[in-house]
Amino acid sequence: MRNLFAYILKQYFFFLFLLLEIVAFSFVLQNNYQQATFLNSTGKVVGTVLSTFNNISGYFSLKKANESLIRENARLRNKMADKFLLTDTLVYYHVDSLFRYIGAKVISSTISHQKNYLVLNKGSLHGIKKDMGVITMNGIVGTVVDVSRNFSRVMSVLHVNNKINARIKKNNHLGTLEWNGNDYRYGYLTDIPMHVDLEPGDTIVTSGNSYIFPEGLMIGTVEEYYKQPNEKFNNALISYSVDYNNVYFVYIIVNLKKSELMNLERTQLNDR
Amino acid sequence: MTGKVIINIFRFCILVFLQVLILDNINFRGFVNPYLYVYFILLLPFEVPGWLLLFSSFAIGFCIDIFNGTLGIHTASSVLLAFFRPIVINSITSRKEFEPGMKPSISDLGFQWFFSYSIILIFVHHLALFYIEVFRFSDFFVTLSRVIFSTIFTLLLIILSQYLFFNPSKK
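Top line first, the protein sequences correspond to chains Y and R.
Here the first sequence is numbered in my numbering, starting from 1 and rising by one per residue.
Here the second sequence is numbered in my numbering, starting from 1001 and rising by one per residue.
Set out below in structure tokens:
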């Protein structure tokens, strides 16, 4: 026994190395299997540092941000009710909002990792909860996975485990949007049934089958369709409509009917 | 001695902030990213005890991980780099050119020594970093190309900063 201790003491560098590697790998595994819940413990320090720096660096992108906001304002003005001609006044419309949008600023984002996240400057104080969708005016960005008081963390579309229900706009067929971790400009639409034909340039939108995103939000366009004659399901290369390398302002989507929908689904499950 | 400790703590902070606030946003062509913070481990003095070398590498990797939200990845590869550092130093340094009190820098040991010292260690670090992050061996060569390009990028920055801050012509 004493010999063993003497040996370990002599080779302590190697054993210490081994110990530290085991600790590090246990972090990696923990992070791989349960999604990031790290923001709550360190979020305050990290968030404050990042948002302080962002307040400075944000000035350099103000012009670009302004231009995109003006463009979006113009688009929204065109959608306002008084821009449409109402001919039939007898029809009663009951309009109830299904979604509410909360604007937020991106204080940090990555695109070069396998699992990319964004940190936003809004948190539980502003009504953000887990599993809310995040979009820009050009398309979808990701899903909120972690919320602290003032900040929230978003699992980006550019995350190898993030799978999003998608729909081919022209024929309403469903597919799954995935990212393979290589190029931040392109994703893959998988599970396309064999009888469906796609052309380059076809639009892919969100399906609305989840509580996260409303239906019909832009995802991207088809770049290339890999059709194999004997495969039941095919894949297509999708060029994202959002340039994830410069996302400054985003909207967080609050689904106002989510609890109702979830209750309904729960009763369905109980009946089965 | 205390002077050296203070300089290294100062360097630690500067490199962490530089890495997190500026270099992590470079994303050249979407996947080539320099990881300059390893410079801290490379520049630790030769006489640093083994446990301190391992612990300080663990600490800097952990700091980067916290900011990136990639818990464990940078920590594991930094500790690996720290483990290989004495081995690489022993294998590329001959006894006669080594004098006590030297620093691992171009000005003390020459360009060729420093180049091979840093390229091996940076490559080991980046290799571990990218493969642990991907966590699979499909797309092996895509990942390898990321490793190589990022290694070149990091090495370039380190050699540039050697010439900027350590002034090798002084000797």
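Ideal Cβ positions, reconstructed from N, Cα and C, are used throughout, including at glycine.
Item                                                                                                                                                                                                                      : Value
So, with DSSP's three-state summary, where would you put tyrosine 251 of chain Y?                                                                                                                                         : strand
Can you tell me where the alpha helix (DSSP H) with aspartate 191 of chain Y in it begins and where it stops?                                                                                                             : Run containing aspartate 191 of chain Y: none in the alpha helix (DSSP H); it sits in the beta strand (DSSP E), 186-193.
Which residues of chain R have a Cβ atom closer than 8 Å to the Cβ of histidine 113 of chain Y, listed in chain order?                                                                                                    : Asn1068, Thr1070, Glu1133
Check each candidate in R/Lys1103, R/Phe1067, R/Ile1152, R/Gly1110 and name the one with the smallest Cα separation from histidine 1126 of chain R.                                                                       : R/Ile1152
Buried or exposed for glycine 220 of chain Y, going by 16 or more other Cβ atoms inside 10 Å?                                                                                                                             : buried
Checking contacts by CB at 8 Å: is leucine 1157 of chain R closer than that to chain Y?                                                                                                                                   : no
Which whole-angstrom value is the C-beta distance of isoleucine 253 of chain Y and glycine 133 of chain Y, which I expect to be below 8 Å?                                                                                : 4 Å
What do you reckon, are the CB atoms on glutamine 1162 of chain R and isoleucine 1119 of chain R nearer than 8 Å?                                                                                                         : no
Count the other CB atoms, across all protein chains shown, that sit within 10 Å of the CB of isoleucine 1026 of chain R; report buried if there are 16 or more and exposed otherwise.                                     : exposed
Whether or not the segment 123-143 of chain Y and the segment 211-227 of chain Y are in contact is what I'm after, with contact meaning three or more pairs of Cβ atoms, one per stretch, closer than 8 Å; do they touch? : yes
Going along chain Y in order, which residues have a C-beta closer than 7 Å to the C-beta of asparagine 1008 of chain R?                                                                                                   : Under the 7 Å cutoff, chain Y gives no residues; its nearest Cβ is about 19 Å from asparagine 1008 of chain R.
For methionine 155 of chain Y, which beta-bridge partners are listed by DSSP?                                                                                                                                             : Y/Tyr117, Y/Thr143
Would you kindly work out how many angstroms separate the C-alpha atoms of lysine 169 of chain Y and leucine 1054 of chain R, rounded to a whole number?                                                                  : 55 Å
Which whole-angstrom value describes the C-beta separation of serine 1150 of chain R and valine 1032 of chain R, a residue pair presumed to lie in contact below a C-beta threshold of 8 Å?                               : 6 Å
Do threonine 1075 of chain R and phenylalanine 1062 of chain R come within 8 Å of each other at the CB atom, strictly closer than that value?                                                                             : yes
For a contact defined as C-beta to C-beta under 9 Å, what are the partners of isoleucine 1073 of chain R on chain Y?                                                                                                      : Ala24, Phe27, Val28, Asn31, His113
Could you pull the DSSP bridge partners for tyrosine 7 of chain Y from this structure?                                                                                                                                    : Answer is none; tyrosine 7 of chain Y lacks a bridge partner.
Note down, one range per segment and in chain order, each beta strand (DSSP E) of at least 3 residues found wholly within the segment 1139-1168 of chain R.                                                               : none
Would you check if the distance between the CB atom of leucine 1121 of chain R and the CB atom of phenylalanine 1084 of chain R is smaller than 8 Å?                                                                      : yes
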